[in-house]
Each structure stands twice: as structure tokens, then as C-alpha cells.
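So the structure is just underneath, and the comments pick up after that.
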Amino acid sequence: MKNIFKYLGVALAILMVSCEADPLIYNGNNNPLISFSSPSYNLEIVIDATGSLDVPVNSSSLSSTDRTVGVEVIVDDTTALAGSYSVPATVTIPANEYSGILTIDGTDIAGVDTSALTLVIGLTPGSGFTTGPNATISVFQVCPVDPAFFTGDYQMTHLVFNGFGVPTFGFGTVVTLSNSGGTSRTFPAPYAPDLGSFSAVTWEFGLSCNEVVWTATQDSGIGCAATPANIELSTADAAFGNGAYDPLNDASFTMNLVDDDADDCGARTNVSILMTKI
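Per mature numbering (1 follows the signal peptide of the UniProt record, and there is no 0), the sequence shown runs over residues -21 to -1, 1 to 257.
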């Protein structure tokens, strides 16, 4: 009996040690997936100056050596002006790390304004790894904004409802805006709470020289039975126009966007929302 307890004690000690620290595990059999951290980003270019964007590039497994992955601009899908952006030809994921940083620089040249143009980039497949989908970057001009402005609690009043006949974020919803860096603002909220109980999503928009520009192709996490794709919220159509703000007064502003951008549920609509600080 004493031996049984002794062996149990040794086994427990081994179990405790094994739980204290997980060793680095390297994937030597399957090709890891290397992909962008998000399908969409904003490259904000300060008026008459420059801007930069750090794009995390993630790997599904570790490696004991640095990994260099090719990066390409998908020219056929890009509308951003040549000379307004600079994309490195490669990105490196350091040894024993799950991610590396791709830094994209922007320059305010003639033709860059508050209306976002798209820069589509992809990772080049290589030996020993597979790559994920392309990323879409909205390139637009911004003006400096007080970092404390347009943060805190705001109440939503939908001026134009979505194609389902309900407010995109619900009736009278109060959201908390946060400064996510530069002139970008984010807030958590579920999509179409009047249609069901859905999980909150973190949404993003940019303050761009008196215009509120919704970040392109943001996934709601909600779909329709007729299609496998989820509903996406995207930048307002040019004919509808972006929202507007006063850089000297953050008491209220308007936010315009496209609900169901890809028409996955047959309800593509430009939506307008009045945001009032409370």
C-alpha cells in the first residue's frame, strides 16, 4: 500500500510539472497556415504628410528559424493610387514567434482624399507553408483629431434603417466608443439585436477630415440560410456619402455605412445613424 501511494505521488508530481510550462512545439509534418490577422485594415494618411499601417501576419505553428514570406499587391483589385502606398516585398516571422509585422507606408499625393480607395495585398505561397486569403486596405486622407474626442458613451438614432426594416444596431442603443489609434474609433455591439440574440462584434470607423468613414467589409458573424457567407457592413456608397463630424465639437456626428454589402441576404442598403454623446 505504501508503494501505491509513493507511485501516485510521483505521478502527481510529474503531472504538476508538465502543467507548469508547455515546451515549444514545432510543426514538422504539416504545412503551417500563414495569414493576415484580419481581412480588412485602414491606412490613414495625414493631410499633406504621411501615414503607416502595421499588419500582423500570423502562423499556425512555431519554427526554430526565421520565416520570410513574399507579399504582393493584387493589382487588378487595387484602386489606390500608385505612389500613395509602399508595400514591402516580404515579411519576416521571427524564430520561435507566431507572428511578424508587415509595415505599409502611405504618402499624401494628389488624388488622395477622404474617399477611401482600396489596396488589396496577398501572401505568396511558398515551400513548407500555405497562405490565407488576401486583405483589403482602405487608403484615405485624415486630419489630426483630439485623441479624447469622439470617445465615451453615445446613443444611436437610426435615420435610415437596413433592408430588413430594422435599425442595424437596434433602437436607441448606447455604445461606448474607444480610440483604437490615430483617428480610428471602435465600439462593441451585436448586429441587428431586434432580429435575435447575437454576440457583440467590435466595429471600426475612421475620422477623416470632417467625414466619418466606415471600415470596409466588417463581418457581422450572422448569415442567412440561403448562403454560407455572413452579412458584412462596409463603407457607404459614394452616391450616398460618408457621415460627418465637427472636429471642434464631439457632441454628435453621423455615421453612414452599407448594411449587407455583398447582398448575401438580399438586403443591401445604405444606412445612416446619428450618434449623440450622453
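Heads up, the beta-carbon is just placed ideally off N, CA and C, and yes, glycines get one too.
Quick caveat: nothing in here was measured; it's all calculated off a predicted structure.
Only counting runs of 3 or more residues, tell me where the beta strand (DSSP E) segments fall wholly within the stretch 26 to 110, in order along the chain.
29 to 38, 46 to 52, 69 to 72, 78 to 86, 96 to 102
Tell me, to the nearest whole angstrom, how far the beta carbon of VAL70 is from that of VAL50; I am working on the premise that it is less than 8 Å.
6 Å
Quick check: PRO112 and SER14, are their CB atoms within less than 9 Å of each other?
yes
If you draw a straight line from the alpha carbon of ASP240 to that of ASP216, how long is it in whole angstroms?
10 Å
So which of TYR20, ASP27, PHE184 has the shortest CA-CA distance to ILE116?
TYR20
Could you check whether ASN10 and THR165 sit closer than 9 Å to each other, using their CB atoms as the reference points?
no
Taking all protein chains shown into account, do 16 or more other C-beta atoms lie within 10 angstroms of the C-beta of residue 268, making it buried, or fewer, making it exposed?
Here the chain covers residues -21 to 257 and nothing more, so residue 268 does not appear.
For LEU227, three-class secondary structure by DSSP:
coil
Using alpha carbons as the reference points, say which of GLY101, ALA89, ALA68, VAL36 lies closest to LEU60.
ALA89
Name the one or two DSSP bridge partners that VAL145 has.
DSSP, once it has assigned bridges, lists no residue as partnering VAL145.
Inter-residue spacing [alpha-carbon to alpha-carbon] between MET234 and THR136
10 Å
To which residues does DSSP link ASN158 through a beta bridge?
ARG164
Ordered along the chain, which non-local residues of its own chain (more than five positions away) have a Cβ less than 8 Å from that of ALA230?
THR255, LYS256
Classify THR47 as buried or exposed, calling it buried when 16 or more other Cβ atoms lie within 10 Å of its own Cβ.
With fewer than 16 other Cβ atoms within 10 Å, it is exposed.
Within this structure, are the beta carbons of THR147 and ASP238 separated by less than 9 Å?
yes
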